[in-house]
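Structure first, commentary second.
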Amino acid sequence: MTPLVQAILDGLLVGGVYGVVAVGLSLVFGVLGIVNFAQAEFLMLGMYVAWFAWSFLGLDPMLGAVLALAAGFMLGYVIQRLLVQRVMSSDHVAQIFLTVGLLAVMENGALMIFGPDFRSVQTDAQMISYRLGPFFISAVYLKAFVAAVAISVALWALLNRTWLGRAIRATAQDAPAAQLFGINTRWIYGIAFGLGAALTAFGGGIVLSFAPAYPTIGANYVVLMFTVVVLGGLGSVMGALLGGLLVGIVQSASTLVLPIQLQNLALFVIFIAVLALRPEGLLGKAAK
Amino acid sequence: MKRSLLILAVIAIAAILLGLALDPRSYGVRVLCLILMAAALGQAWNIVGGLANQISLGHAAFFGIGAYTSTVLQVQFELTPWIGMPIGAVLAAVAAGAIALPTMRLKGPYFALATLAFGEICRIGAQAMSGVTGGPQGLSVPFYGDSLAMMQFRQPGAYVPLFAALFFLVSAVFAVMSHGRLGYMLRAVRENEEAAEVTGIDTVRIKLTGAIISAACTALVGGLFAQFTFFIDPDTVFSTTEISIRAALIAIVGGVGLLWGPIVGALFVVLVEEFLNSTLSDALPGISPFLFGVALVVIVIARPEGLVSFRHLVTDRFGKKGKEA
Chain A
1279 MTPLVQAILD GLLVGGVYGV VAVGLSLVFG VLGIVNFAQA EFLMLGMYVA
1329 WFAWSFLGLD PMLGAVLALA AGFMLGYVIQ RLLVQRVMSS DHVAQIFLTV
1379 GLLAVMENGA LMIFGPDFRS VQTDAQMISY RLGPFFISAV YLKAFVAAVA
1429 ISVALWALLN RTWLGRAIRA TAQDAPAAQL FGINTRWIYG IAFGLGAALT
1479 AFGGGIVLSF APAYPTIGAN YVVLMFTVVV LGGLGSVMGA LLGGLLVGIV
1529 QSASTLVLPI QLQNLALFVI FIAVLALRPE GLLGKAAK
Chain B
36 MKRSLLILAV IAIAAILLGL ALDPRSYGVR VLCLILMAAA LGQAWNIVGG
86 LANQISLGHA AFFGIGAYTS TVLQVQFELT PWIGMPIGAV LAAVAAGAIA
136 LPTMRLKGPY FALATLAFGE ICRIGAQAMS GVTGGPQGLS VPFYGDSLAM
186 MQFRQPGAYV PLFAALFFLV SAVFAVMSHG RLGYMLRAVR ENEEAAEVTG
236 IDTVRIKLTG AIISAACTAL VGGLFAQFTF FIDPDTVFST TEISIRAALI
286 AIVGGVGLLW GPIVGALFVV LVEEFLNSTL SDALPGISPF LFGVALVVIV
336 IARPEGLVSF RHLVTDRFGK KGKEA
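Just so you know, the sequences run in chain order A and B.
All residue numbers for the first sequence refer to my numbering, where the first residue is 1279 and numbers rise by one.
All residue numbers for the second sequence refer to my numbering, where the first residue is 36 and numbers rise by one.
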């Protein structure tokens, strides 16, 4: 029983981070209706921002994540206004290949600029773990989880307690109607895409506290992120956060029964099954 | 259609003659093989991606199944790839059918996502089944020396006729399908699935048939790839970027859904890639995939109403040619 509870505990903490990484993807889909295959590249980018912040400024990855948030927002906003806006009303083939093209550009751009080396950080938290009865909680995962919860609460407040949040939700529900009420929906699309990129980049900053950064790390997260959002219902912000927890637990618990190489196999099988059986997500109706 | 097949045959024979004219050990002959292989791969993707507009990002699954099946059969039972490759094609067809059943109803990005995940599942599976596949370390094709019976040769020149034949085979399958009943039905599904259904087309069966044929063709390319490189590993043959996205890119650059699309695309992609690899890649690894990403973005932005309209672009430029294909 103890190993299972420990696995669930570990999975829950990492799952919170998965939720933040994936919520950006869900937000972009919910508001713009576009499945962004390049979303995981913002995670990679966020990791590099946080690594440079740690390496040159001595900032903890949790603070670096805030810089990553800002960088992700700016880049995401620019990409939406310059490129994604042009395929907003195109068919899905164009949308898929625009974002797949962006994926290749960002991944290989990073390879050219940063080189193939793994870059990791050393922090005090990595050495510490707390004891809770028979269980152990690693400080670095706990910090990551706390940061994930904090940003989730901030996102919730932004979406539900501000004019901008209402405008974003209105645009997601019915863009022409939102426009009639005086909302500049093009601008909102840019903001929403930037916000989505920012959240994933922030998640990347947190991930750096326990995993190394390298140019192709995005590829390792693509299917994981999509599993998270599909579980929660593509487009649902709350769903993505809960989906993250669920994926974290499944991944962590499956190591108890499956060999380590097959850790992600359970996820992918769940992913295809959910896509095929309940494309609207496990949590009832999708937001859009 | 006869004219299309004739032109394809001329291209294939021209490639063989070119291969004979070049030094069989030369770099040029290697590039020729790569172009023919890329064209066959792009064409196989084109069967579902182009005709039915089902954007698969998981064709590496079938490529890898083809490569591993014939190689494993050689390692374990010394079975010739002449038999191993068709077995691989059958297995890939079965896999395509198995994955198609739950995903066939999915539209657009959902289908792309499901296929992407399927490719990844196969990659992880190949890494985990190390007893059969050699795991992440990969698998070498046992070397028998120059042997037509075992489909292996020391010089790349000897592979040109094989690649040319495979290119012809896959392209001919596409041409015949495209002009035939199945092609029209797939296009009907592409243009309007509901309408196609109403007119009495069994859309699921049609898409399933297309997916199975496409997968079998892709597996043959994978099998020959293994013979050509003598070594395979999960990260290469099941690679999402190097195989799945590349297959789509080749078809898209040249014109999606067109018979000539993957041929033009393969020429362009392989030549640019080889040029960059030989000049810049030491200084800038990743430059060629980077530029292909840029090319994809530019193509999409230049034609924002959808890539299907490339067909019309080509039709405008080259008169009837586009329509015919």
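We put the beta carbon where it would ideally sit given N, CA and C, even for glycine.
For clarity, every value in this text was computed on a predicted model and none was experimentally measured.
Through-space distance from residue j to residue i, alpha-carbon basis
i: E322 of chain B; j: A1455 of chain A; result: The amino acid at residue 322 of chain B is misidentified as Glu; the sequence shows Ile. Those two C-alpha atoms are separated by around 44 angstroms.
i: G99 of chain B; j: M164 of chain B; result: 14 angstroms
i: I1415 of chain A; j: V1295 of chain A; result: 15 angstroms
i: G1336 of chain A; j: A330 of chain B; result: 39 angstroms
i: Y1412 of chain A; j: L1540 of chain A; result: In the sequence on display, residue 1412 of chain A carries Pro and not Tyr. About 27 angstroms.
i: W1465 of chain A; j: Q1457 of chain A; result: 11 angstroms
i: D74 of chain B; j: A246 of chain B; result: It should be noted that the sequence gives Ala, not Asp, for residue 74 of chain B. So the alpha carbons of these two residues sit roughly 18 angstroms apart.
i: L1555 of chain A; j: I70 of chain B; result: 40 angstroms
i: F1459 of chain A; j: G1474 of chain A; result: 24 angstroms
i: L1545 of chain A; j: V1501 of chain A; result: 9 angstroms
i: Q1284 of chain A; j: M1384 of chain A; result: 37 angstroms
i: H1370 of chain A; j: P144 of chain B; result: 7 angstroms
i: T276 of chain B; j: A1382 of chain A; result: 8 angstroms
i: F353 of chain B; j: V299 of chain B; result: The predicted model places F353 of chain B with a pLDDT of 49, which falls under 50 and marks its position as unreliable; any figure quoted below should be read in that light. For F353 of chain B and V299 of chain B, the distance between alpha carbons rounds to 14 angstroms.
i: A1476 of chain A; j: F1320 of chain A; result: 8 angstroms
i: I156 of chain B; j: T168 of chain B; result: 15 angstroms
i: L1410 of chain A; j: A1417 of chain A; result: 12 angstroms
i: A49 of chain B; j: L1536 of chain A; result: 52 angstroms
i: L1389 of chain A; j: G1511 of chain A; result: 33 angstroms
i: L1380 of chain A; j: V335 of chain B; result: 11 angstroms
i: V224 of chain B; j: G63 of chain B; result: 41 angstroms
i: G119 of chain B; j: V256 of chain B; result: 12 angstroms
i: A1565 of chain A; j: G1308 of chain A; result: Interpretation of A1565 of chain A is limited by its pLDDT of 41, a score under 50 that renders its predicted location unreliable; the figure taken from the coordinates is listed afterwards. Going by the C-alpha atoms only, they are around 7 angstroms apart.
i: A1343 of chain A; j: Q262 of chain B; result: 47 angstroms
i: L1376 of chain A; j: P1281 of chain A; result: 44 angstroms
i: V1424 of chain A; j: F1330 of chain A; result: 22 angstroms
i: Y179 of chain B; j: F265 of chain B; result: 11 angstroms
i: V1547 of chain A; j: L1534 of chain A; result: 17 angstroms
i: Y1419 of chain A; j: G192 of chain B; result: 56 angstroms
i: E232 of chain B; j: T238 of chain B; result: 6 angstroms
Proximal chain B residues relative to residue i, where beta-carbon distance stays under 7 angstroms
i: I1374 of chain A; result: I90, P144, A147
i: G1387 of chain A; result: F325
i: P1454 of chain A; result: The premise fails here: P1454 of chain A is roughly 20 angstroms from chain B at the closest Cβ pair, so nothing lies under 7 angstroms.
i: A1518 of chain A; result: By Cβ distance, chain B contributes nothing, its closest Cβ being about 15 angstroms from A1518 of chain A, past 7 angstroms.
i: L1361 of chain A; result: V332, I336
C-beta contact flag for residue i and residue j at 7 angstroms
i: S279 of chain B; j: G154 of chain B; result: yes
i: L1310 of chain A; j: Y1467 of chain A; result: yes
i: G1513 of chain A; j: M1325 of chain A; result: no
i: A79 of chain B; j: L221 of chain B; result: no
i: V1292 of chain A; j: G1443 of chain A; result: no
i: I42 of chain B; j: A199 of chain B; result: no
i: G123 of chain B; j: S105 of chain B; result: yes
i: V1399 of chain A; j: P1339 of chain A; result: yes
i: R65 of chain B; j: Q190 of chain B; result: no
i: A210 of chain B; j: F97 of chain B; result: no
i: T1463 of chain A; j: A1450 of chain A; result: no
Buried or exposed by the 16-neighbour rule on C-beta atoms within 10 Å, applied to residue i
i: L55 of chain B; result: exposed
i: M1322 of chain A; result: buried
i: G290 of chain B; result: buried
i: R38 of chain B; result: exposed
i: M1279 of chain A; result: exposed
i: L306 of chain B; result: exposed
i: S1530 of chain A; result: buried
i: P177 of chain B; result: exposed
i: K142 of chain B; result: exposed
i: V272 of chain B; result: buried
i: G77 of chain B; result: buried
Bridge partner(s) assigned by DSSP for residue i
i: S61 of chain B; result: Its beta-bridge partners do not exist; DSSP assigns none.
i: A1491 of chain A; result: A:R1397
i: Q1404 of chain A; result: According to DSSP, Q1404 of chain A bridges with nothing at all.
i: Q1451 of chain A; result: Q1451 of chain A pairs with nothing; no bridge assigned.
i: L174 of chain B; result: B:I267
i: I1415 of chain A; result: A:Y1408
i: S182 of chain B; result: B:Q187
Chain A residues whose Cβ lies nearer than 8 angstroms to that of residue i
i: G290 of chain B; result: Within chain A, no residue comes near G290 of chain B; the closest Cβ sits about 13 angstroms away, beyond 8 angstroms.
i: V304 of chain B; result: Within chain A, no residue comes near V304 of chain B; the closest Cβ sits about 12 angstroms away, beyond 8 angstroms.
Interface partners of residue i on chain A, CB under 9 angstroms
i: I278 of chain B; result: Neighbours of I278 of chain B on chain A: none; closest Cβ ~13 angstroms, over 9 angstroms.
i: A328 of chain B; result: Looking at the sequence itself, residue 328 of chain B is Gly, so the reference to Ala does not match. Chain A residues near G328 of chain B: V1378, G1379, L1380, L1381, A1382, V1383, M1384, E1385, N1386, G1387.
Where residue i meets chain B, residues with beta-carbon distance less than 8 angstroms
i: V1356 of chain A; result: By Cβ distance, chain B contributes nothing, its closest Cβ being about 14 angstroms from V1356 of chain A, past 8 angstroms.
i: L1543 of chain A; result: I156, I159, G160, A163
Within chain A, the residues that residue i reaches when beta carbons sit closer than 7 angstroms
i: I287 of chain B; result: F1375
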